[in-house]
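Data first, discussion second: the structure below is written as structure tokens.
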Amino acid sequence: NSTVNTLPVAPPTYSTDATSPFYLMVKQVYDASLTLSDDQKAMAIFWRDVPGVTSPGHWLSIVQQVMKKVETQLDKAALTYALSGAAINDALITCFKAKYHFNLLRPITFIREVKGYGNWNTFIGTPAHPEYPSAHSSLSAAAADVLTELFGKPNSFTDHTYDYMGLAPRTYASYTGIAEEAGMSRLYAGIHYLPSIQAGLVQGRKVTSNIFSK
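One gets the working numbering by counting positions in the sequence shown from 1 and adding 231 to each.
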């Protein structure tokens with residue numbers, strides 16, 4: 232079972248103390264929202280995925296682009312799709328199990344109701360499920376590690392998933408780098424804390440490690 236031993240460590244304990252780890256991680260999201268660069272905004276939009284192909288679909292698009300670039304043979308292509316799909320599926324299962332185990336509130340709730348900034352809003356819409364860990368991070372790390380395991384580390388990769396929507400393609404030095412950007416895009420979007428992103432990345436890597444250890 233690739234979801235065994237993948238429950239992340241607990242997030243920082245809820246606190247309204249301005250010096251607490253919890254309060255400071257919320258502050259990080261709030262502060263980032265005030266100074267977003269054009270590239271950070273582009274990153275959040277590129278990885279929004281709805282509207283679009285959805286986050287699993289985005290990674291399957293990346294898988295397809297990688298295989299086209301290296302002219303993958305049919306048997307390896309079939310294996311790649313199967314392992315990528317399994318990793319993404321299992322990462323989401325274990326991620327959502329953790330989400331409802333920890334049931335952590337989203338940044339927008341704390342910022343509006345506790346900090347008192349009632350007019351504050353996220354850069355993209357907030358998903359209607361618990362915050363911790365980040366599903367984007369979990370499934371991205373799982374899929375990225377499948378690609379690294381099967382194809383090695385690329386010199387560079389350019390993602391053209393959203394050319395059809397008029398979004399500029401984005402270039403990365405590694406598949407891991409793609410996953411890390413997908414995760415960080417959620418902080419810039421205002422919908423995830425950094426510890427959630429980090430926990431999701433670790434969780435996704437554990438899922439793929441379990442798959443390849445069988």
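Where a beta carbon is used, it is the ideal one built from N, C-alpha and C, also for glycine.
| Identify the residues that DSSP records as bridge partners of THR402: which are they? | Looking up residue 402 in the sequence shown gives position 171. The partner list for THR402 (beta bridge, DSSP) reads THR389.
| request: Can you tell me which of the three DSSP states LEU469 falls into? | output: Absent from the model: residue 469. The displayed extent of the chain is 232 to 445, so no value can be given.
| field | 7 Å Cβ cutoff met for HIS367 and GLY414 | value | Position 136 of the sequence shown holds residue 367. Position 183 of the sequence shown holds residue 414. Cβ distance < 7 Å, so HIS367 and GLY414 count as in contact.
| request: Can you tell me the Cβ-Cβ gap for ALA322 and GLN429, rounded? I've got them flagged as a contact below 8 Å. | output: For this step, residue 322 is matched to residue 91 along the sequence shown. For this step, residue 429 is matched to residue 198 along the sequence shown. 15 Å between Cβ atoms; not a contact.
| query | For the 8 Å Cβ check, are there 3 or more pairs between the segment 284-299 and the segment 381-390? | reply | yes
| Secondary structure of ARG279, DSSP reduced to three states | Along the sequence shown, read from residue 1 onward, the residue named residue 279 stands at position 48. Coil.
| field | THR237 versus ALA375: straight-line alpha-carbon distance, rounded | value | Locating residue 237 in the sequence shown gives position 6, counting from the first residue. Locating residue 375 in the sequence shown gives position 144, counting from the first residue. Roughly 17 Å between the two C-alpha positions.
| Just curious, the alpha helix (DSSP H) that TYR424 is in, first and last residue? | Residue 424 sits at position 193 when you count from the first residue of the sequence shown. Run containing TYR424: none; DSSP gives neither H nor E here.
| Whose C-alpha, out of THR311, LEU370 and ALA318, is nearest the C-alpha of GLY383? | The count along the sequence shown starts at 1 and reaches residue 383 at position 152. Considering only alpha carbons, the answer is THR311.
| When DSSP labels each residue in this structure, what does ARG343 get in the three-state scheme? | The residue labelled residue 343 in the question sits at position 112 within the sequence shown. If DSSP states are grouped into helix, strand and coil, ARG343 belongs with the helices.
| field | Distance CB(ALA372)-CB(ARG436) smaller than 7 Å | value | Walking along the sequence shown from the start, residue 372 turns up at place 141. Walking along the sequence shown from the start, residue 436 turns up at place 205. Cβ atoms of ALA372 and ARG436: closer than 7 Å.
| query | Taking the Cβ atom as the reference point for each residue, do MET274 and TYR419 lie within a distance shorter than 7 Å? | reply | As a working mapping, residue 274 is identified with position 43 in the sequence shown. As a working mapping, residue 419 is identified with position 188 in the sequence shown. It is a contact, given that the beta carbons lie within the stated cut-off.
| Taking the Cβ atom as the reference point for each residue, do PHE277 and ARG401 lie within a distance shorter than 7 Å? | Taking the sequence shown and counting its residues from 1, one reaches residue 277 at position 46. Taking the sequence shown and counting its residues from 1, one reaches residue 401 at position 170. Result yes, Cβ atoms of PHE277 and ARG401 sit closer than 7 Å.
| request: Work out the CA separation of HIS289 and GLU344 for me, nearest whole Å. | output: Walking along the sequence shown from the start, residue 344 turns up at place 113. Walking along the sequence shown from the start, residue 289 turns up at place 58. Computed Cα separation, rounded: 34 Å.
| message | Looking at ALA329: is its Cβ nearer than 7 Å to the Cβ of PRO239? | response | Along the sequence shown, one-based indexing puts residue 329 at 98. Along the sequence shown, one-based indexing puts residue 239 at 8. In this structure, PRO239 lies closer than 7 Å to ALA329 by Cβ.
| message | I'd like the list of long-range same chain contacts for VAL235, defined as Cβ closer than 8 Å, with 5 residues on each side in sequence excluded. | response | The sequence position of residue 235 within the sequence shown is 4, counting from 1. Only ASN441 meet the Cβ criterion.
| query | Which residues in the same chain as SER369 place their Cβ atom closer than 6 Å to its Cβ, once the five residues preceding and following it in sequence are excluded? | reply | By 1-based counting over the sequence shown, the position of residue 369 is 138. Answer for SER369: ALA322, CYS326, GLY431, GLN434 and GLY435, listed in chain order.
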